[in-house]
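Written out below as structure tokens is the structure these notes cover.
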Amino acid sequence: MKYTILTLFPDLVRPWTEESIIQKAIQKGLIEVDIRDIRAYTEDKHKTVDDTPYGGGAGMVMRVDVVVRAIEAAGPADEVILLTPAGRPLTQPLVEELAGKSHLVLVCGRYEGIDARVEHFVTREISIGDYVLMGGELGALVILEATARLLPGVIKEAESHRQDSFSTGLLDYPHYTRPPVFRGLAVPEILTSGHHAKIAEWRRKQALKRTKARRPDLLERAELTPKDLVWLEESDFDNGCPGC
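Written out as structure tokens, the structure is:
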């Protein structure tokens, strides 16, 4: 998988590729991350990337001609994605779809945004949430992290991402490790029982309880089994969910 990130601030993005799992994935050749400075595609001596908005208003708008030159210089891509609060919300199913591509170009806006004509040169507009940031760089990094971890070999435990929150349509169940007791808080006994079937059932119930308590909207579109539905109807089902 290749990622081309177009940004006015490459030094904001680069450190993210030089640590931890993303760095290891790059070193192994599992992914390639090409970070490009949009200013390199200006054609005037001042390297002008923005201008005042037509019709007036506060702030500056990034020039479409400069951004499109950067997009076209990135070469053929499966998707050219503009990070914008006005875009489609990023969800796990969308992440999984994008992870199946071979080249993503991620366009990071700044200031008041990019001239709207850029919409004719991108394939998608994506938002990472109902809030406004100073630019698209964090959104690009979210897509990089979320998709890269699904690629073969990037994370060691293939089962790990299949059980993550949202991958099953539910929030993830709670996790525990040593010490067995911390300041009076004990690990649930079932997890130390060695009874794998009962542990699996406990984890499923906890995922359902956590989702019902925190994100009930997810239950409306989750793929629930008949047993899940029975559990959800139990009168005491809301009890015993750590952190709920």
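Each residue of the sequence shown is one higher than the one before, starting from 1 at the first, in the UniProt record's numbering.
Even glycine gets a Cβ: it sits at the ideal position worked out from N, Cα and C.
Taking the alpha helix (DSSP H) that P216 belongs to, which residues open and close that run? The residue labelled residue 216 in the question sits at position 216 within the sequence shown. Here the alpha helix (DSSP H) through P216 covers P216 to L219.
Pairwise C-alpha distance: I114 and G55: Position 55 of the sequence shown holds residue 55. Position 114 of the sequence shown holds residue 114. Each residue's Cα considered, the two are about 15 Å apart.
For P89, three-class secondary structure by DSSP: Sequence index remark: in the sequence shown, residue 89 carries index 89 (1-based). Note: P89 maps to strand in three-state DSSP.
May I ask which residues mark the beginning and end of the beta strand (DSSP E) holding R110? For the purposes of this step, residue 110 is taken as residue 110 along the sequence shown, with counting starting at 1. Note, R110: premise wrong, no beta strand (DSSP E); not H, not E.
How many angstroms separate the CA atom of G194 from the CA atom of L224? As a position in the sequence shown, residue 194 is number 194, starting the count at 1. As a position in the sequence shown, residue 224 is number 224, starting the count at 1. Approximately 26 Å, taken between the alpha carbons.
Can you give me the Cβ contacts of V95 inside the same chain, cut-off strictly under 8 Å, excluding the 5 residues immediately before and after it? Translated into positions along the sequence shown, residue 95 becomes position 95. Excluding residues within five positions, the ones whose Cβ falls inside 8 Å are I143, A146, T147 and L150.
Spatial neighbours of L208 within its chain, please: CB distance less than 7 Å, with the 5 preceding and 5 following residues excluded, ordered by chain position. As a first step, residue 208 must be located in the sequence shown, where it is residue number 208. Answer for L208: L170, D228, W231 and L232, listed in chain order.
Where T123 and A116 are concerned, what is the direct C-alpha to C-alpha distance, given to the nearest angstrom? What you label residue 123 is simply residue 123 of the sequence shown in a count that begins at 1. What you label residue 116 is simply residue 116 of the sequence shown in a count that begins at 1. Cα to Cα, the separation comes out at about 14 Å.
Would you call the CB atoms of I5 and I35 closer than 9 Å? Along the sequence shown, read from residue 1 onward, the residue named residue 5 stands at position 5. Along the sequence shown, read from residue 1 onward, the residue named residue 35 stands at position 35. In this structure, I35 lies closer than 9 Å to I5 by Cβ.
Leaving out five residues on either side along the sequence, give the residues of the same chain with a beta carbon under 6 Å from the beta carbon of L141. As a working mapping, residue 141 is identified with position 141 in the sequence shown. Contacts found: W16.
The alpha helix (DSSP H) spanning E233 covers which residue range? In the sequence shown, the residue the question calls residue 233 occupies position 233. Start and end: P226 to E233.
Check each candidate in Y176, V49, G75 and A73 and name the one with the smallest Cα separation from V64. Numbered from 1 along the sequence shown, position 64 holds the residue referred to as residue 64. Cα-wise, what sits closest to V64 is V49.
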